[in-house]
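Visitor: Heads up: the sequence shown begins at 0 in numbering that gives the first Met the number 0, then just goes up one per residue.
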Amino acid sequence: MMRAYGSLRRAADFQRVYRRGERAGSKHLAVYALASSRGGESRPEVGFSIGKGVGSAVVRNRLRRRCRTILDAAPLGSCLGRRVVIVARAGAGELSFESLRAELGAGLHRLGLA
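(1) Any idea if Gly54 is buried or exposed, counting beta-carbon neighbours within 10 angstroms, 16 or more meaning buried?
(2) Do the CB positions of Gly46 and Leu33 come within less than 8 Å of each other?
(3) Hey, would you say Ile115 sits closer than 8 Å to Leu110, going by beta carbons?
(4) Which of the three DSSP states, helix, strand or coil, is assigned to Tyr4?
(5) In terms of residues, what are the limits of the beta strand (DSSP E) holding Leu28?
(6) From which residue to which residue does the alpha helix (DSSP H) around Glu44 run?
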């Protein structure tokens, strides 16, 4: 099954979103969003920044998979033409799935993406 969003991979794209994008943060997550230069009808692109301070590779990959699962279930219609970066902070790896969904949903909602 194809995801409703693409992957943000290049370091320059991440930096552009950090510098020029809007930010919504919580204790464990920060969500950045920027309108894409490709136009308003293109698929959203999502990138994850999960550093070693969050935990071991197992914890970081589990957190990334959980975030993708949450995004797969979320209506991303208002994200069209946007680049989104989700940054995990220390302690995010210990969140339950429901807490993670609440924090990520709140960040997306504050930016008008969900």
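Note that CB positions come from ideal geometry on N, CA and C, so glycine has one too.
Note that the coordinates shown come from a computational prediction; the quantities given were computed from them, not determined experimentally.
Guide: Concretely, from the data shown:
(1) So Gly54 ends up on the buried side.
(2) no
(3) Not covered by the structure: residue 115. The range shown for the chain is 0 to 113.
(4) Here DSSP, grouped into helix, strand and coil, assigns Tyr4 to coil.
(5) Start and end: 28–34.
(6) Run containing Glu44: none in the alpha helix (DSSP H); it sits in the beta strand (DSSP E), 44–49.
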